[in-house]
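Everything below concerns the one structure shown next.
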Amino acid sequence: MTTNDQKCINCEKTGLPILPVRYSVLPKNVKAVMPAGISGGRVTDVALDAHHYGLRTLREGWVYLFYEVGPRGTRYWEAYKVTSDGRLWKQTLPLPRAPITHPACAQRAIAFPMDVLAIERPEKCTGRVFAAFSEHAWHKEVFDRYASDNTLMQARMQFIEPSKWITSGTDANGHAIVATTQAIDDVIEYMPGFDPKLLDLPDDKQSFSDEKGIYKDDWLKREVTRYPTYIRQASPASASQALVKLMKQIGTKGQGSGGGDSNHPPMMLALWDSIGNVHELNGFRGDPASWFDRYVTQERPLQVGALQGIDAAHAIVQSRTDQDLQSREAMAQQAHAMSPLGQPEAQSALAAQRARALASAAAGRAAQINAYYDDMSWMAANNVPASYQRRLVQLAESTSAASANSRMLYTGAERDQLMSGARAYAQAQPGAHDRNLAAMRSYNWSKYEARLKRQDVENFRKKYKALQSAVFDLQESRSADVGKWLQAKLFLDTLEDYQSTDLVDAAAFELVISDGLAGIGSTPKGKAILDALVTQWDPAQPGSLVWRVVAMNQKDARQELGQLLKTALAKKDMPLESGQGQTSTEHSPGVAAVISASGMIGKLNGYYKNLAKLALESDPKKITPLGALLKRLEVDRFGLTVGDAIFSKFRINQLGDFVGEKIVQTVLLQRAGVSYSDSMALVRQQAKLEMLSRQEMIERLLKARSLLRTGAPANAPRATQALYDVWNAMESTDDGVKALRSSRIAVVAALLEAVNFYKLITGAPDRDTRNKLMQSGASMLSSLITITMTPYYGALKNSIRSQSWKLVGSGLSSFGTFISTWIDAEKARDAFYNNKIDVLAIYTGKTIVNGAAGVAILIDATSTAAPLLKKLAKRYGTVAIIEAVEIATTRVIALAALRIVGMLVGWEATIGLLVLQAMADWLTPDELESWCSRCAFGTGQETTFRITDHSVARYTDPSQQEKDFVNAMTKLS
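My numbering runs 58 ahead of the 1-based position in the sequence shown.
What follows is the structure, encoded as structure tokens:
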């Protein structure tokens, strides 16, 4: 009762008592069974591979009842608010803006009346009573739509027949059974002896891993529920007994049901929760990534940072060695080319000299002359160094081979010894470079290697790689279950809860789908699921989840978008660029096609504008109840997850742009809040200039001597500069842009940079240019990660522990999907998954979660959207926005680019690249040697004047280890 002991409808209830529970997906290590009589229809029909089903108490949301006939009349609704602990509070209709609950009503007992609901006067309920659980507060039109459409209601809601139940205690549909102690004990929260730790995160005081890198495999496999368990039992078997007793009391209070002692059989009703199943399964899938994040950023940053630093330093030293050997060999080759025998005409010159010598020589000297010229000819043919040639000439001049006055024979022991050495040199040439390189690499790295505990390094690496592989395998094995539920008919029917003419419901719909999809494309099976969803091109169809979100789930906009997508697909191969001889005032056919297609979605553009206006609204009263939804939408998880998959369907392997991809571009930009006119202006400029700009970039790369290039210098080519100008104008009309627009624009800009990068790779004429592009792409990617992940991690700060856990997992997985855009051009996607998630955990963990004072963002010259990205980075509080022209910081930038290239593409791909060669000149051996000694895997010993060692303290602070590593890499020797 309430605190003033007045009667309350939530406490004083009579009639048919019902304990509503929900069908739930569960990890297989949670031993759960369906109570006898519960069929699980439409739920258990979706067969799971890595999970199984059970019953749980309701999660936060709503229970809706629709009476065909009842004590209050015909065809009416009741609604109950369900709190996070599963208690039910009856509400008025229409639903109040703030649900009414009375926590003080909780009587001091094991079982509360709010655990159940009651159908009053069940004997009067001679028709069906439909019931549904939903996490969403239904719009008035949703109530009306279900009530007026019997087919829709039966697809979405389950029904019971109270008047029949009270006489038989049976339900023909298989979702309701008599609420006995035994049946209630099968519900997870009531289960005697159930350990809630099976579904919860371990205590933060316990560690997931140790200093050797060994992690707890059972924790990694643990699946954490996103819906906390509120355990009911106070002692074994007591809760269910108390609840049955309470339900019998509720069932015996009514005196008007035909008999004074009437006792309605209490009911346990299992309700569908398809959205909860989708979100729970995708949360389970993301859990391994959250464990990986904890390992890298919280528990083992010292060891992981040391491992990455050692690999980076080793790669740089190897590169310097390569350059040194190449320089030596080049000098030797140059010296040989400058020698007489190195000239192209050497053989013909030798033949002429031989003929002249023989013509003027006595017959007795002919054999000696021929032997000498045979040797010289052989040396010329075998690229023998000039040093051998000089010695041979000196020998000949002192013998009868070249001097008529000498009686000494050319053929003899000295000549044999000299030629034996020359032949040995020539025979050793095949493979000599590799042998010399291996020996030099080993020697040059040896002084650093001496300061490392190599066995500790490799032991940790083995554990670390095992963790990466295990994370991948677990996410891959859990993907199929998510995919099955995303296309389950029950899930699609449940999405009818979201009114297709309401903006609030549109925002809520996007969040539902985003939670279900977040990160799904990060493994091959998940990518296949995402690709299948993207290719459901008709947004009017229930299963077209991706495009329904793009259309804001608005009925008329879904029709519009469907027509636009048909056009985009039909014109996928149509070039965008202006035709030859076309005047500057004319549109190319491609641009005209984009403008025409974009005109098809006038209503959708209106919805985008309305959402953008609400995002700019600062008065909380004017945006309620959208405020909380908009706050969650500030992280564009949907765009991050599906963007690459969308653009990949319109990808053409050519340098230029095409109509299909530009139609999609305009839609996504307008979804992000960019005006229609700005979107069209960008397309027009891209048609005129983007292919030329890419050609200019590739031309600059062919001439480049370094990774670091200026972004649109004063003398920049006109095509590139013009594209800079149009991007620079993109946001200038709205300095007050809010986080929703900023985050969405950032994601779209990042996706378009990815498309641009892909086309640059396609147009690269040789591998060296592609390598330079990979460097540039990786450095740009590091900036985009920081810019687009900043609002994502900002959301973590205000989240409860379980929510932040799920956000981290889905975030890393989503960016794993996004990164693939930058590396698909070089290697297969799935081979890079482990390295991608590695990069994300390291970079986002260090630079964003931990505050990141001094984070630098490199906006590279390959980015035509650089001005916009710089604005966004500044908006998110990035300390330094760096262009390559800022010489004082170029070393730090190059180091960051190097490490990202190494981790994304593989260190072997970075050997010999210009960025490594440049960094080798900055390397200070003494500094690096000291760092190796002090790092997590160091010996703790440093040398004094190369004579004796002394002990030094090893790093205990990951940030200091990182700082000193950067210093070692960047100080001049």
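Don't be surprised by glycine CBs; every beta carbon is placed ideally from N, CA and C.
> Skipping 5 residues on each side, what residues in its chain have a beta carbon closer than 7 Å to that of residue 1017?
Replying inline: none
>> Measuring only the C-alpha atoms, how far is residue 929 from residue 371?
In response: Unreliable placement is indicated for residue 929, whose pLDDT of 49 sits below 50; no coordinate value is reported for it.
> Can you tell me whether DSSP reads residue 198 as helix, strand or coil?
Replying inline: helix
> Alpha carbon to alpha carbon, how far is residue 653 from residue 572?
Replying inline: 29 Å
>> Strictly by DSSP, which residues pair up with residue 74?
In response: 177
> Going along the chain, which residues of its own chain have a beta-carbon closer than 6 Å to the beta-carbon of residue 651, five neighbours each way excluded?
Replying inline: 629, 717
> Okay, do the region 401-411 and the region 509-529 touch, 3+ Cβ pairs below 8 Å being the bar?
Replying inline: no
>> If I measure Cβ to Cβ from residue 48 and keep anything under 8 Å in the same chain, skipping five residues before and after, which residues do I get?
In response: Residue 48 is absent from the model: the chain starts at 59 and stops at 1031.
>> Check for me: the beta strand (DSSP E) holding residue 330 runs from which residue to which?
In response: Neither: residue 330 is in no beta strand (DSSP E) and is coded neither H nor E.
>> Please tell me whether residue 708 and residue 722 are closer than 8 Å, where the distance is taken between their beta carbons.
In response: yes
>> Give the list of continuous alpha helix (DSSP H) stretches no shorter than 4 residues that lie fully inside the region 554-620.
In response: 561-575, 582-592, 603-608
>> Suppose you measure from the CA of residue 173 to the CA of residue 146; what does that come to, to the nearest Å?
In response: 6 Å
> Which residues in the same chain as residue 106 place their Cβ atom closer than 6 Å to its Cβ, once the five residues preceding and following it in sequence are excluded?
Replying inline: 539
> Can at least three beta-carbon pairs, one atom from the region 273-287 and one from the region 224-241, be found at a separation below 8 Å?
Replying inline: no
> Of all the options 467, 287, 419, 421, which has the alpha carbon lying nearest to the alpha carbon of residue 144?
Replying inline: 287
> Given a threshold of 16 other Cβ atoms within 10 Å of its Cβ, counted over all protein chains shown, does residue 219 qualify as buried or as exposed?
Replying inline: buried
>> Please tell me whether residue 148 and residue 67 are closer than 8 Å, where the distance is taken between their beta carbons.
In response: yes
> What runs of the beta strand (DSSP E), each 3 residues or longer, lie entirely inside the region 476-529?
Replying inline: none
> What whole-angstrom Cβ distance do residue 1033 and residue 188 have, given they're in contact under 8 Å?
Replying inline: The structure shown has nothing for residue 1033, since the chain only spans 59 to 1031.
> What residues are listed by DSSP as bridge partners for residue 1000?
Replying inline: 1008
>> So, with DSSP's three-state summary, where would you put residue 139?
In response: strand
> residue 434 bridges to which residues according to DSSP?
Replying inline: Partner(s): none; residue 434 has no beta bridge.
>> According to DSSP, is residue 131 part of a helix, a strand, or is it coil?
In response: strand
> How is residue 110 classed by DSSP in three states: helix, strand or coil?
Replying inline: strand
>> Can you find the residues in the same chain that come closer than 7 Å, C-beta to C-beta, to residue 988, ignoring five residues on each side of it along the sequence?
In response: 1000
> Does DSSP put residue 708 in a helix, a strand or coil?
Replying inline: coil
>> On a Cα-Cα basis, can you pick out the residue from 577, 310, 151, 352 that is closest to residue 267?
In response: 352
> Taking 8 Å as the CB-CB cut-off, is residue 434 touching chain B?
Replying inline: Here chain B cannot be found, since the structure has a single protein chain.
> residue 994 and residue 364 look like a contact to me (Cβ under 8 Å); what is the Cβ gap, rounded to whole Å?
Replying inline: 4 Å
> Which of helix, strand or coil does DSSP assign to residue 535?
Replying inline: helix
>> Using a 10 Å radius around the Cβ and a threshold of 16 neighbouring Cβ atoms, would you call residue 209 buried or exposed?
In response: exposed
>> Let's see if you can read the secondary structure: which residues bound the alpha helix (DSSP H) around residue 237?
In response: Counting along the chain, residue 237 falls outside any alpha helix (DSSP H), and DSSP gives it neither H nor E.
> Can you tell which of 346, 244, 334, 581 has its C-alpha closest to the C-alpha of residue 297?
Replying inline: 244
>> For a quick check, are the C-beta atoms of residue 142 and residue 183 less than 8 Å apart?
In response: no
> Using CA coordinates, which residue listed in 259, 408, 464, 453 is at the minimum distance from residue 1033?
Replying inline: Summary: the structure shown does not reach residue 1033, with the chain confined to residues 59 through 1031, and so no result is reported for it.
> Hey, how far is the Cα of residue 378 from the Cα of residue 487?
Replying inline: 22 Å
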